[in-house]
Amino acid sequence: MGITDFFRPVDAQFDGGESEGAQISPSPQTLEAVPVPDASGSDPNPSPPQDAREAWRPEREAREAFGALGGAPPSDVSRRRARGAAHDLQYDEWAQPKRGRNFVLREFREKTRGAGAPMAGCVVHFPAGLTPHVPQKITMSRILTALTKSQNALIESPTGTGKSLALLCSALAWQETKRAEVKVANERVAERNAAKTLAFEEACARRRHARVAQKAKDSKDSSEMDSTIGRSREAVLPASDDGAGARADAALARELDEALAEREKENEKVSFTLGRPDGLVVPKLADPDDDVSVHVIKNEPHLSDSVPEREPFASEFAPIAPPALERPQSVPKIYLCSRTHSQLHQLMRELKRTPYAPRYAVLGSRKQYCPIGKNDEECAELTKNKNRGETACGWYNKKDAVVEELRRARVWDMEDLDTVAKSHLGCQYYAMRALHKNAELILCPYNYVFDENIRAALEIDLTGAAVIIDEGHNVEDVCRDGASMEISVTELEDTASQLGSVAKFLDDADVAARLMRPLKDWVNRSLAESSSHASKSSKSSFKRFNGFSGPVEAAHGEALWKGDDVATAIARALAPRTLAGSREKKSGGARGDASAAVALARSIVADASRVTAFDGALVREISQNGNTFGLNAITTCHRVCAALLAALDAPAEFAACVSADLSRAGETDQKTSSTSFGAGDREKEKTEKNAAGLALWCLRPAVSFRPVAAAARCVVVTSGTLSPMGSLEGELGVSFPVKVEAPHVVPSRQIHVEASDVLGDFTAKAQDADGTPRALGQFLLRYLSRNVIPGGVLVFLPKYSLIRRVIERWRDDGTLAAIEKHKTVVWEEPGAQTLTPTLETFRRSIDSGDKKGGVFLAVYRGKVSEGLDFKDANARAVFCVGIPFPAVGDVKVRLKKEYNSSAYARSERMLPGGDWYAHQAFRAYNQALGRCVRHLHDYAAIFLVDARFARHADADRNKSMVSKWMRHLVRVFASPRESVGTLEEFFRGLEADPPGGGGAGGEPAGG
Ligand code: SF4
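Just so we're aligned: 834 in the working numbering is position 821 of the sequence shown, and the numbers increase by one with no gaps anywhere.
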C-alpha cells in the first residue's frame, strides 16, 4: 500500500473483499464530504460537516498515533502501528455504530434480573415478576441435570405448562455458568501459553547468542567476530519499541547470518563438543510435558552419546521446535430445535422475555429467507462473482447492515428480523449465515440436525454441543426421513450426464459419474423387469392389498427389497460382475455369497461420497472460478451416497423400492391420507413428484439419531407427548438416563373431557360410510345450535379426503348453512399455501364476535394439529373424531411393523409391531387434543368421539393411551341431554368465575 492508499478513508483501506463480519462501507454521501488532506497532511477544511468528521476521525487519530501529522512520510513500522490504531478505531465505531445509520431496533440494554434460583450448580433467572410453576421447576432441574452430566434426556411436559420458557431459562443459565468457567480457564491457558512462548523465545535467543559465540571462538579474525558478538547480545534483548530499533534488529540478524554462512564455508570440518554451548540456559517449567527443554532435548540427538560427531553441527543450528500451545476452550453451543419455523418463532418470542441475551442465529433455507424468491441455483449465479464483496444481488451486498443492526439489538425475534431486512434491503439468509459463525445459541428445525446433508451444507458442527429438541414427538419420523432418500430416474439421468461433462475437465467428477451411471441403468432395468412381471401376473401383484398379515410384497409394477436383499440389490447395480462371480462359485446355493460384491459396491459409493463432499476439492475447484455448473449434480450425488452407505452398513434397517410412480410408492389408494407415518409436511412433496425412480426407506430412526448423540454433549428431547418413553428409547437407539413426565398446571375444573359413541367405532370402514358426514353434522349441531360453546371449535378427522367429503355433503344437505348460522366453518387442505388465509378467517371469526366464533376442520398429523397454538377463545372445544392409526395399506407402515416384530428389533428393545402401530396413533391423537388449554388460566372441553373410548371392551386400554394429565377426567354420559346440560354448566361456571379472576382453584389436572 502506497502513501496515497494510506490516506484513503480508513473504511476503504480495510474493505478487503467479502467479509461476513464488521465491514463498514462509508455511504457515498459520507465519502463526498470527507476532506482530502494536502501533501502536508493538514486538514483543508477546519470545520467539516459532522459526517465528514466521523469518517475522518480514525485517520487523523491514526496519524497522531505515529506522530507523523504534517511531517515526513511514516516508516513501515510506524505505518503498521498506525494501521493497528485505525483498525481499533474502526472496531470502536462498530461497537458504537456509525451516526447516520438508520437503526430500526432499540439498542440492547441489560435486563433487570430477579433473584435467581440455584439448581444443579447453576443459578437460573426467570423473567422479572414471574415465579416458575412446579412443572417448570421439574423441567428445569431435569434439563440442567442432563446438561451438567452430559446425559441424554426425555422430558414430557404437557402443553400450557410454560415448557419453552423453562427450557430456555435453564439452558441459558447453564451456558452462562459455562461461559464464566471457560473465561477463567482460558485466562489460565493464556498465562501458560504466554509462559511457553516466552520460554521458547528466550531459548531461541540464547541459542542464537551461543551460536554466534561459538563462531566467534572459532573465528580466525577474532576482533571482527568480537564486534559481531557484541552486537548479537543486543539481538537477544527484547526488540525496541520504535521503528529504528526494529530496523537495527533486522540488519543485525542479516549480518549474523552472513557471518555464519561465511564461517561455515571456511571451516567445513569444524567440530563441536557434545555438551551445550555456553549461554544456552533451558528454562525450568513445572509441567515436564510442556517443558521447552523437552522439545529441545527431543530435537537434539547430539545430546546422546551414540550420536556421530558430525550430528551436533546440524542439530545445534537446527531451529528449536515451537512449544505446543494449548487451545483456548470455547463456550459449548446450544442447538435449540423445533419442528417448524412457526414453532421457532414462538421460542424466539419466549427468548425475548428471558433475562438472557446470548449470541444467536436462526437457520433457515433460501426458500424461506430469500426476499426476492430465488432458489439455490439462481442465488449461486447472482452471488458467484464477488468484486470486493459486491455481487449482482443488491440484497447480498447489504447483508452486513442487517448483521450490524441485529448485533446491536442483541435480542430480536423473526418479526424484528423481517423489519430490519426490509429497512436495510439486506439479505436475511446470508445475515443468518454470518451470525451463525459466532453464535452460541442456534435455532433451527430439527431436520437440519438429523439430516447429514443439511448439516454439511450449513456447516453445523455438533461436536460438544448441547442439542435440545422441543416439540420432539415427531423426532422418530424426522430421523427416519433424514436417512431415507428418493430420487427420480430423470434426476439420476441429469446427475449422471452433468457429472460426465464435469469429468471432461476434472478427473474427480468421473469417480462420482461411475456411481450414478450404473445406478440409473439398474433402476431402469428393474422398472422394466417389474412391469413385465406385473403384466404376466397381475392378480398376485395385488396380494398385499387383499391380505395384511404375513410378509410385505412388492406392489403392481414395483420392485421391493428388504433386509440383506437391500445390500445385494445395491451390489447388483454397482458390482454386477463380482456378484455374478460370487454366485457361480457357490454351487447349489440359490443366493450365493454376495459379500465381495457388497464390499466392492461400498468402496465405489465411499469413493464417490469422498469426492462429492461439500468441503471437498471437487466443489472447491468448481466454485473457486465462480462456476456453478455441476454443483447441483455433486450435491445430489452426495445425498445418494449418504443413503446408499447407510443402507450398505445396516441393510436390515432399510427397504429399497423401485417404483413407476414415486409419489405413490408403497401406497394404496389413500394418497390424501394423513395417516401414513411421517406424512404431514410431505403431502405437498408427494403431489409434486409423479416420476419413476428409486426410494430407500429407513425403518429405524437410530440410523440418524445415533451419530448426532455421539457427536453432541447430550441430546434433550422435550414434548407434551413422548410416552411411552421405553419405545422411543429403543427406536432412537441410545440410552436416556434422564426421564421425566411433568404434571399439568391447570385445575381440573377448567377441563371437561367426554367420550362419545355417537359415531360408533370410527374405523376406516365407518369413515367411508355414506351417513357419516350427516351424523357428524348433527352431533356438532347438538352443541352449536344452542350456543353452548363460546369461541372457536376444532374438529380433527383422520384424513383430508374425509374432510372434503364432509364439506361437500354438508353443502348439499344444508348442514353447512345450519352450522354457519352459529359459527364460521373453515377447513384444512393439503400443503401450506392455503393455511395462512384459512387461519386468518378463523381468527377473525373469533375476534369479530358476530358469529360467536368458528369451526375448524383439520387432520391429525397436519399443521393445525401439531404446530399451532389455539389458546383461550381460539379453542374452547376440541372434537377428536376417530383414532388416527397409520394407514394399514401403506407398505412403509407394514414394513415398519414387520421390522419391529423381528427378533433383531426385539433384541434392541423396540416395541413389537402392533404396539408401535398403536403408539403412533395415540401420539398423533394426544397432539391434537393438546391444542387447547394452553396456560394456567385457560379452559376447554375435549370430546373423544369414538365408541372405542366409551362402552367398549378396549375402552380402558384406549383411555390409558391418552395424555396422562386428562385421562382420569374422561366421562361418558347416558344421554345427549345430559351431555349438553353438563357442558352448559361447565362454561357457565367458568364465565361466572373465570380462572385467574380471584375464584380459580382446585387441584392441578395432572395430580
Ligand atoms: S443473496 Fe440473498 S437475496 Fe440474493 S438471491 Fe441469494 S438468498 Fe436471495
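Each residue gets a CB set at the ideal place from its N, CA and C atoms; glycine is no exception. Being a predicted model, the structure only gives us computed values, none of them experimental.
Would residue i and residue j be called neighbours here (beta carbons separated by less than 7 angstroms)?
| i | j | result |
| --- | --- | --- |
| T1082 | V839 | Any property of residue 1082 remains undetermined from this structure, which presents the chain solely from 14 to 1020. |
| T591 | A619 | no |
| V716 | N165 | no |
| S177 | L430 | no |
| P336 | R126 | no |
| T158 | E394 | no |
| C492 | F718 | yes |
| Q763 | P1008 | yes |
| L657 | E499 | no |
| T828 | G880 | no |
| A584 | A607 | yes |
| A370 | R423 | yes |
| A496 | A659 | yes |
| A516 | K533 | no |
| P897 | A934 | yes |
| K876 | L848 | yes |
| N487 | R372 | no |
| L118 | E428 | no |
| F962 | A968 | yes |
For residue i, which option in the options has the closest C-alpha, if you only look at C-alpha atoms?
| i | options | result |
| --- | --- | --- |
| R936 | D628, D490 and A588 | D490 |
| D928 | E744, A141, E767 and A496 | E744 |
| V524 | I647, A831, K575 and R538 | I647 |
| G926 | Q933, A934, R919 and S914 | S914 |
| L957 | Y912, L807, K910 and E506 | L807 |
| G866 | H569, R889 and R795 | R889 |
| P899 | V891, K909, G773 and N466 | K909 |
| Q342 | A886, S861, G477 and A444 | G477 |
| W408 | E428, A444, S378 and F463 | A444 |
| W710 | V730, E742, S672 and T731 | S672 |
| V993 | V801, D860 and A830 | V801 |
| N388 | F627, N645, T152 and A469 | N645 |
| S543 | A568, P345, A954 and W823 | A568 |
Under the DSSP definition of a beta bridge, which residues are partnered with residue i?
| i | result |
| --- | --- |
| C13 | The requested residue 13 does not occur in the structure, where the chain is confined to residues 14 to 1020. |
| P458 | S351 |
| K575 | A668 |
| E765 | First, the amino acid is wrong: residue 765 is His here, not Glu. A954, per the DSSP bridge assignment. |
| N487 | DSSP lists no partner for N487. |
| G867 | T837 |
| E754 | E169 |
| P335 | Looking at the DSSP assignment, P335 forms no beta bridge with any residue, so it has no partner. |
| A479 | I347 and C727 |
| L807 | F869 and V891 |
Quick one: residues in its chain with C-beta nearer than 7 angstroms to the C-beta of residue i, no 5 flanking neighbours on either side, listed in chain order?
| i | result |
| --- | --- |
| T625 | A525, L631, I647, C650, H651 and C654 |
| L924 | S740, G743, N913 and H932 |
| A10 | Not covered by the structure: residue 10. The range shown for the chain is 14 to 1020. |
Who are the near neighbours of residue i in its chain, counting only those whose CB is closer than 6 angstroms to its CB and skipping five residues on each side?
| i | result |
| --- | --- |
| A588 | A610, L613 and A614 |
| D426 | M361, R362 and K365 |
| V728 | N165, V480 and A722 |
| A960 | D770, G773 and D774 |
| A257 | Residue confidence is low: A257 scores 48 on pLDDT, short of 50, so the model does not pin down where it sits. No coordinate-derived value is stated. |
| G733 | P171, T172 and G943 |
| T396 | T404, C406 and Y409 |
| Q149 | G175 and A179 |
Less than 6 angstroms separating the Cβ of residue i from some heavy atom of ligand 2?
| i | result |
| --- | --- |
| R379 | Ligand 2 is not part of the structure shown, which contains ligand 1 as its ligands. |
What residues in its chain sit with their C-beta under 8 angstroms from that of residue i, if we drop five residues either side in the sequence?
| i | result |
| --- | --- |
| T190 | G134, C135 and V136 |
| L338 | N206, K209 and T210 |
Would you call the segment 339-358 and the segment 440-455 in contact, with 3 or more CB pairs under 8 angstroms?
yes
The segment 983-994 contacting the segment 940-953, beta-carbon criterion three pairs below 8 angstroms:
no
Is the number of C-beta pairs between the segment 165-180 and the segment 200-219 that are closer than 8 angstroms three or more?
no
Is it true that the segment 193-206 meets the segment 135-153, where meeting means three or more beta-carbon pairs spaced less than 8 angstroms apart?
no
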